[in-house]
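Q:
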Amino acid sequence: MSRHRKAALLPVSAAVVCVTALAGVPAFGDDGGDASKLSAQQLADDAEKELLDAKSLHILLTNHSTGPADTRSPAVLDLALDQDGNCTGSLTMGTGGAKGGTVEFIKRGGELWMKPDTTFWKSQVTGGAGELAAQLFNGRYVHGNANDGLLKSLGDTCDLNAFQAQVNGGPSSAPPEKLTKGKETKVDGADVVPVSGRNDGSEVVLFITAKDPHRLVRATEKMGDLSATMKLTDYNRPVPSATPSKDESVDVSELQNLSPKATPPQAVAPDGAVR
1038 MSRHRKAALL
1048 PVSAAVVCVT
1058 ALAGVPAFGD
1068 DGGDASKLSA
1078 QQLADDAEKE
1088 LLDAKSLHIL
1098 LTNHSTGPAD
1108 TRSPAVLDLA
1118 LDQDGNCTGS
1128 LTMGTGGAKG
1138 GTVEFIKRGG
1148 ELWMKPDTTF
1158 WKSQVTGGAG
1168 ELAAQLFNGR
1178 YVHGNANDGL
1188 LKSLGDTCDL
1198 NAFQAQVNGG
1208 PSSAPPEKLT
1218 KGKETKVDGA
1228 DVVPVSGRND
1238 GSEVVLFITA
1248 KDPHRLVRAT
1258 EKMGDLSATM
1268 KLTDYNRPVP
1278 SATPSKDESV
1288 DVSELQNLSP
1298 KATPPQAVAP
1308 DGAVR
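Quick note on numbering: this note's numbering labels position 275 of the sequence shown as 1312, and the sequence is numbered without any gaps.
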């Protein structure tokens, strides 16, 4: 795998390897939820269980990696999603200093609304259709079936069940090196315990809440000049249910009619994988 490709996929490790690869060998025993009495392994196991049990979640993935400019690599994914396939969020594209634009999107049931900015239209939809779409749909949502070819990539982003299944499946790489529990500190006002380890050449740090339930609230991964951060919040908080009005939306068929050769916008799943 090339260095450039690794930069684009690094959030996969931040979201999945940070939890599963550090789970390692099952831990035994329970000390009543006191983090000071739990091993690094037990904290990692608890964080994995809380993640698997979550009915909804807010994920913020940030790719800090440097490298060649690429407008079609994900830089930031900000997403609230649940096990019913509902979501609301935004995706910003562009790494290595490139500007790939931002698309806001909402999925409710089988319907999806997306609102790209002008830069996103021009950089992510090829064949000249992007520039035309930016002019025609300026400031409005494109609305349609979430399984539609031009919306499916974003619809797939809203799959919390798939993310949890990947977590539950465990890593495909070699087991991690020994975990280390650091001193209690604070992250965004919460008391957390850092748990660090290495996996497949990457340095991974999990920040897990010190009080029961022990939840992962932040994770970082670094390998050379490649780095990513994941923040997890709003465990089990309902996803906002508001959807755009008809006046704010245009049907996806109008986008399809612009050019049959237009390339659909790329998206990124909650596990960080490019679709």
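A virtual CB, placed ideally from N, CA and C, is assigned to each residue, including glycine.
Since the model is a prediction, treat every value here as computed from it, not as a measurement.
#1: Taking S1290 as part of the alpha helix (DSSP H), name the residues at either end of that continuous run.
#2: Using CA atoms only, rank isn't needed, just tell me which of D1262, F1142 and T1270 is closest to G1238.
#3: Under 8 Å between the Cβ atoms of K1092 and D1119?
#4: Starting from G1234, trace the beta strand (DSSP E) both ways and give me its first and last residue.
#5: According to DSSP, F1142 sits in a beta bridge with which residue or residues?
#6: Per DSSP, what kind of secondary structure is N1182 in: helix, strand or coil?
#7: Quick one: using the 10 Å Cβ neighbour count with 16 as the cut-off for buried, is E1085 buried or exposed?
#8: For A1247, which of helix, strand or coil comes out of DSSP?
#9: Let me check understanding here. Comparing Cα to Cα, which of F1244, E1148, N1123 and D1288 lies closest to K1223?
#10: With burial defined as no fewer than 16 other Cβ atoms inside 10 Å of the residue's Cβ, what is the status of N1236: buried or exposed?
#11: Just checking, does the region 1288 to 1295 make contact with the region 1158 to 1172 on the three C-beta pairs under 8 Å criterion?
#12: Could you pull the start and end residues of the alpha helix (DSSP H) that D1082 belongs to?
#13: Looking only at its own chain, which residues have a Cβ that is under 6 Å from the Cβ of A1211, when we skip the five neighbours before and after it?
#14: Going by DSSP, what residue range makes up the beta strand (DSSP E) through A1170?
#15: In this structure, what does DSSP give as the bridge partners for V1241?
#16: Whose C-beta lies closer than 6 Å to the C-beta of M1038 among residues of the same chain, with five residues either side of it excluded?
#17: Please say whether V1230 and L1080 have beta carbons closer to each other than 8 Å?
#18: What are the residues that DSSP puts in a beta bridge with H1101?
A: Based on what the coordinates show:
#1: V1289 to Q1293
#2: D1262
#3: yes
#4: A1227 to N1236
#5: According to DSSP, which records beta bridges pairwise, F1142 is partnered with G1126 and M1151.
#6: strand
#7: buried
#8: coil
#9: Taking K1223 as reference, the option from F1244, E1148, N1123 and D1288 with the minimal CA-CA separation is F1244.
#10: buried
#11: yes
#12: Looking at the DSSP string, the run of the alpha helix (DSSP H) that includes D1082 is A1077 to D1090.
#13: Residue confidence is low: A1211 scores 46 on pLDDT, short of 50, so the model does not pin down where it sits. No coordinate-derived value is stated.
#14: Run containing A1170: none in the beta strand (DSSP E); it sits in the alpha helix (DSSP H), A1166 to L1173.
#15: BP columns for V1241 point to G1234 and E1258.
#16: Confidence is the limiting factor: at M1038 the pLDDT is only 29, short of 50, which leaves the residue's position unreliable, though a coordinate-based value still follows. Closer than 6 Å at Cβ, skipping near neighbours: no residue.
#17: yes
#18: Bridge partners of H1101: none, in fact.
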